[in-house]
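Undergrad:
Residue numbers (my numbering), protein chains in the order written: chain A, 85 to 778; chain B, 2 to 273.
(1) Mind pulling the chain A residues with CB within less than 7 angstroms of residue 212 of chain B?
(2) Please name the residues in the segment 71-85 of chain B whose beta-carbon is closer than 7 angstroms to at least one beta-carbon of chain A, in chain order.
(3) Could you check what DSSP says for residue 692 of chain A in three-state terms: helix, strand or coil?
(4) Could you tell me whether the Cβ of residue 284 of chain A comes closer than 8 angstroms to any Cβ of chain B?
(5) Residue 562 of chain A by DSSP, collapsed to three states: which one?
(6) Anything in chain A within Cβ reach of residue 273 of chain B, meaning under 8 angstroms, just list it in chain order.
(7) Taking only beta-carbon atoms, is residue 649 of chain A less than 8 angstroms away from chain B?
(8) Please list the terminal residues of the continuous alpha helix (DSSP H) segment that includes residue 81 of chain B.
(9) Taking residue 565 of chain A as the query, report the chain B residues whose CB atoms sit under 9 angstroms from its CB, ordered along the chain.
(10) Closer than 8 angstroms, Cβ to Cβ, to anything on chain B: give me those residues from the segment 219-246 of chain A, in chain order.
(11) Any Cβ of chain A within less than 8 angstroms of the Cβ of residue 171 of chain B?
(12) Counting only beta-carbon separations shorter than 8 angstroms, does residue 261 of chain B have a partner in chain A?
(13) Residue 476 of chain A by DSSP, collapsed to three states: which one?
(14) Rounded to whole angstroms, what's the CA-CA distance from residue 558 of chain A to residue 80 of chain B? Just pull it up for me.
(15) Let me know if residue 19 of chain B comes out buried or exposed under the rule of 16 or more other beta-carbons within 10 Å of its beta-carbon.
(16) Please report the straight-line C-alpha distance between residue 378 of chain A and residue 648 of chain A, rounded to a whole angstrom.
(17) Specify whether the segment 580-599 of chain A and the segment 539-552 of chain A touch according to this definition: at least 3 beta carbon pairs, one from each stretch, less than 8 angstroms apart.
(18) Extract the residue ranges of the beta strand (DSSP E) inside the segment 489-546 of chain A, only unbroken runs of 3 or more that lie entirely within it.
(19) Since I believe residue 519 of chain A is in contact with residue 662 of chain A (beta carbons under 8 angstroms), could you give me their beta-carbon distance rounded to a whole number of angstroms?
(20) At what residue ranges does the segment 7-63 of chain B contain a whole run of the alpha helix (DSSP H), taking only runs of 4 or more?
(21) Rounded to whole angstroms, what's the CA-CA distance from residue 748 of chain A to residue 764 of chain A? Just pull it up for me.
(22) Roughly how many angstroms lie between the CA atoms of residue 268 of chain B and residue 233 of chain B, to the nearest whole one?
(23) Given a threshold of 16 other Cβ atoms within 10 Å of its Cβ, counted over all protein chains shown, does residue 195 of chain B qualify as buried or as exposed?
(24) Determine, for residue 248 of chain A, whether the minimum Cβ-Cβ distance to residues of chain B falls below 8 angstroms.
(25) Name the chain B residues whose beta carbon is nearer than 9 angstroms to that of residue 491 of chain A?
(26) Does residue 647 of chain A come out as helix, strand or coil in the three-state DSSP assignment?
(27) Taking a Cβ distance cut-off of 7 angstroms, strictly less, list which residues of the segment 222-256 of chain B are near chain A, in chain order.
(28) Just the chain A side, please: which residues come within less than 7 angstroms of residue 267 of chain B by C-beta, in chain order?
(29) Of all the alpha helix (DSSP H) runs that stay within the bounds of the segment 215-254 of chain B, which reach a length of 4 or more residues?
(30) Would the beta-carbon of residue 363 of chain A fall within 8 angstroms of that of residue 320 of chain A?
(31) For chain B, is any of its Cβ atoms less than 8 angstroms away from the one on residue 534 of chain A?
(32) DSSP three-state call for residue 700 of chain A: helix, strand or coil?
(33) Closest to residue 504 of chain A by C-alpha separation, out of A:256, A:94, A:757 and A:719, would be which residue?
(34) Strictly under 8 angstroms for the Cβ-Cβ distance: is residue 577 of chain A near chain B by that measure?
(35) Establish whether the CB of residue 201 of chain A and some CB of chain B are separated by less than 8 angstroms.
(36) Let me see if you follow: with CB-CB separation under 8 angstroms, is residue 49 of chain B close to chain A or not?
Written out as structure tokens, the structure is:
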């Protein structure tokens, strides 16, 4: 249903905080009111979402929204806005504004109706495609502009592809760009880049070289990937024929032995001519980015080699840095053969990351220059140079980001209906040990109960048992056989179920306990939690299930902390007991990151059944942040949905009497329980676990 | 103790026709030397790279019968050694494949041996060292392996699971031989020989296989094996288009994941 101008006006005033900015939004409201009800709804929804990130982003969007929605598909607009929000989270307001402005330019240029493709939708396919082509572990990222380019490792592609009218063609164009970028590295286009700095007009030299190389790479692709080359020539159909001079260049560069240096040789002549219009899949060249990647890879390789050399027995000549050698295997084609790393003629098995670096250098240079194989001397490189390479958002999951030693997790923003990428900065820490008699005292306090719990849990152990009266098995069931024989003797039918079989059942369960360590647990709750953990550990030791205990707390997204009390691999001993005793209330209850991290830890175990049990005393919340209230609940819920999707069974235990209102939404029906009396917690937890896994 | 009155044992078959095998190193000489010195062999390598074919070829070459056991995670020691059956009111001892191979001096090939239950090692160990004996506990019988008996096991070190690791005490009894996909020219020759396909298409198939091998641990658990290439080539010679053949014989066999499947198909479509 369409809204009136006044309704729209008042909504916009609220979201855009007109009372502070004094901006007149009535004109915009009029424009929007003129649209269909559906378009109105779409624009208003996104204005509201964007205003949650920044008023200026929302303002920028809404001022052009009326034109946008009539010209472009909603799906594409959404993709752009998502990209802008990501840019805002990662690099701040200016980056987001930059992206929204490209939308602006884009509308002027493009056809009125296109059936575009969003990179995010086809990213998985393109990345796998690229990695299949290349031996290198390529990465893929959305480019803020409309051009595709690469530093040799990351392929930057436009976030949305709308150059072609049909979606299928836009996908082919993406694919063609990926293949061109792969070919730039594989067929040595990038190798020639340093030479171009000698030209007076570097920019023109660069674009001319790119155009020449496109011609050469087209024929390389035609030789290697004829199927793709056919599709690429179809994309090119509407483009005008090349001039006679460029036709000649095309033929010269189509020769199988042509290299990037042939293009370089043609460059002076080409610079004097008029450039033909570039084919749609032509990619940009960024010599600076290529050089900085190569430099940091060189640094990383040499540092890793020096680490390798240190692990080896001392050499005769310790003063000079170790000089490694590389021998290629028998297979010379394309460098896919096995490489052998030698130090003083002794072969060394390179670790996987070193092998990857060597492959990468080999693709860059066609060989491994000897200076790359000199182990770095102490202090030769600033660690920033090579650590930076790990800052790529795709690799964040394995390494460091802007904050050393932390893992980044996304967070669900229900207002935007999307994730904030790399939002929470998480660290694992050990709980400081307090060596006292807390565990012993707890066992004494609950003495008879502990024995009962232990007995119950021992009874749950699923031990090997002999299944009798089977149709096949490794043993004979004598009782059954005697019976069967006597049946036969008495003229009856002889049963065939005369075997016994050993049934080996394993309780293949891994359980992770996630304990709320927020400030509100101070006092009774903290004591009860610690007691519960002691009893639970005793019970699980009797049962033999694998288990881990982690505490979580945090203050703002920059300080999300997960406290390791017991990892899956650690035995339950004095250290763990001292850590349980050392659990102390910390800050706030930011919860999503903890659930996400525990999910990852559980997935690393090879258990058949994976359980995540959370112990909390209140709803998720955080300090001076919008995490409080609905946002926190929705993020936690989303994290739990992710966990369930990964095959983990979450279960929530809370001491919050209000929990009945929100727990079912978080954990789903019948997957949570509210405990009214703090005192009973220690007993209840063991009981709940028994029910869950029986 | 009553002794059973009947014993059944299979007689393993000889391979009469020469299987096609394209050597890629000195594996034949190694195998023959191990056979002469009564040493067991361990073949390592990814699936479908020719381990089974190699053993068949060697059995033919050495003129020994071959017993192949495909190991699975429910395979117990008694599946290898044998068991009592009840037939017509009497118990009959039925030799398992390993015992049958030992008794007849055959080559016994345990394929993917890490998949088998741990208790199978109890019977494998004494056979694989200097003792060369096999104890049939239930019959109280000790079988001494004749000189021409040989034990060959294979496993795939590519599986990352810690549960699927071969123990040191086991692996240190064997002569190990590593198998990998052959180099491009050899692999194409194998595909041509097995399917009768044109050499240039075989080369394209091999290139495609290399692309999928680039994706190992990057979406695919394993790259396409030589066996899959032969399957695809056979489909192509049967008249199917290369795209269909690659999809059915290779892409679908490698993965069920939608995006990976689509990407693998894009790769094969790019090549043909």
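Each residue gets a CB set at the ideal place from its N, CA and C atoms; glycine is no exception.
TA: The answer reads as follows:
(1) Within the second chain, residue 212 of chain B is the residue found at index 211, counting from 1. Within 7 angstroms Cβ-Cβ: 216 and 217.
(2) Residues passing the 7 angstroms Cβ filter: 77, 79, 84 and 85.
(3) The count along the first chain starts at 1 and reaches residue 692 of chain A at position 608. The DSSP-derived three-state label of residue 692 of chain A is coil.
(4) Sequence index remark: in the first chain, residue 284 of chain A carries index 200 (1-based). Taking Cβ atoms only, chain B never reaches closer than 8 angstroms to residue 284 of chain A, which makes this a no.
(5) Taking the first residue of the first chain as 1, we reach residue 562 of chain A at position 478. In the structure shown, the three-state DSSP call for residue 562 of chain A is helix.
(6) For the purposes of this step, residue 273 of chain B is taken as residue 272 along the second chain, with counting starting at 1. Going along chain A in sequence order, the residues near residue 273 of chain B (Cβ under 8 angstroms) are 310 and 311.
(7) Position 565 of the first chain, counting from 1, holds the residue named residue 649 of chain A. Not one chain B Cβ lies under 8 angstroms of residue 649 of chain A.
(8) Taking the second chain and counting its residues from 1, the one referred to as residue 81 of chain B is at position 80. Unbroken alpha helix (DSSP H) run through residue 81 of chain B: 78-82.
(9) The sequence position of residue 565 of chain A within the first chain is 481, counting from 1. Under the 9 angstroms cutoff, chain B gives 87 and 92.
(10) Identification of residues in the segment 219-246 of chain A having a C-beta nearer than 8 angstroms to some C-beta of chain B yields 219 and 221, given in sequence order.
(11) Position 170 of the second chain holds residue 171 of chain B. No, residue 171 of chain B does not count as interfacial toward chain A.
(12) As a working mapping, residue 261 of chain B is identified with position 260 in the second chain. Taking Cβ atoms only, chain A reaches closer than 8 angstroms to residue 261 of chain B, which makes this a yes.
(13) Reading the first chain from its first residue, position 392 is the one you call residue 476 of chain A. Confidence at residue 476 of chain A is low in this model, with a pLDDT of 41, below 50, so its placement is unreliable and no value can be given for it.
(14) Translated into positions along the first chain, residue 558 of chain A becomes position 474. Translated into positions along the second chain, residue 80 of chain B becomes position 79. The alpha-carbon atoms of residue 558 of chain A and residue 80 of chain B are separated by roughly 8 angstroms.
(15) For the purposes of this step, residue 19 of chain B is taken as residue 18 along the second chain, with counting starting at 1. Exposed.
(16) Residue 378 of chain A sits at position 294 when you count from the first residue of the first chain. Residue 648 of chain A sits at position 564 when you count from the first residue of the first chain. Roughly 38 angstroms between the two C-alpha positions.
(17) The segment 580-599 of chain A is in contact with the segment 539-552 of chain A.
(18) Complete beta strand (DSSP E) runs here, min 3: 491-497 and 502-514.
(19) What you label residue 662 of chain A is simply residue 578 of the first chain in a count that begins at 1. What you label residue 519 of chain A is simply residue 435 of the first chain in a count that begins at 1. Sure, about 5 angstroms apart at Cβ, within 8 angstroms.
(20) Every alpha helix (DSSP H) of 4 residues or more that sits fully in the segment 7-63 of chain B is shown, in chain order, as 28-37 and 52-62.
(21) On the first chain, position 664 is the one that residue 748 of chain A refers to. On the first chain, position 680 is the one that residue 764 of chain A refers to. Using only the alpha carbons, I get a separation of about 22 angstroms.
(22) The residue given as residue 268 of chain B occupies position 267 in the second chain. The residue given as residue 233 of chain B occupies position 232 in the second chain. In this structure, the straight-line span from the alpha carbon of residue 268 of chain B to that of residue 233 of chain B is close to 15 angstroms.
(23) Here residue 195 of chain B refers to the residue found at position 194 when the second chain is read from its first residue. Its Cβ being crowded by 16 or more others within 10 Å, residue 195 of chain B is buried.
(24) Along the first chain, one-based indexing puts residue 248 of chain A at 164. No, its Cβ sits nowhere closer than 8 angstroms to a Cβ of chain B.
(25) Here the question's residue 491 of chain A lines up with position 407 in the first chain. Chain order gives no chain B residues near residue 491 of chain A, where near means a beta carbon separation below 9 angstroms; the closest approach is about 21 angstroms.
(26) As a position in the first chain, residue 647 of chain A is number 563, starting the count at 1. If DSSP states are grouped into helix, strand and coil, residue 647 of chain A belongs with the strands.
(27) Answer set for the segment 222-256 of chain B: empty.
(28) Here residue 267 of chain B is taken as the residue at index 266 of the second chain, counted from 1. The contacting residues are 209, 213 and 259.
(29) Runs of the alpha helix (DSSP H) lying entirely within the segment 215-254 of chain B and spanning at least 4 residues, in chain order: 227-238 and 243-246.
(30) Against the first chain, residue 363 of chain A aligns to sequence position 279. Against the first chain, residue 320 of chain A aligns to sequence position 236. Contact: yes.
(31) On the first chain, residue 534 of chain A is found 450 positions in, with the first residue counted as 1. False, the Cβ-Cβ gap to chain B never drops below 8 angstroms.
(32) As a first step, residue 700 of chain A is located in the first chain; it is residue number 616 there, counting from the start. Residue 700 of chain A: strand per DSSP, three-state reduction.
(33) As a working note, residue 504 of chain A is residue 420 in the first chain. Residue 504 of chain A has its Cα closest to that of A:719, out of A:256, A:94, A:757 and A:719.
(34) Position 493 of the first chain, counted from the first residue, corresponds to residue 577 of chain A. Cβ-Cβ to chain B under 8 angstroms: no for residue 577 of chain A.
(35) Locating residue 201 of chain A in the first chain gives position 117, where the first residue counts as 1. For residue 201 of chain A, the answer is no, since every Cβ of chain B falls outside 8 angstroms of its Cβ.
(36) On the second chain, residue 49 of chain B is found 48 positions in, with the first residue counted as 1. So, not an interface residue.
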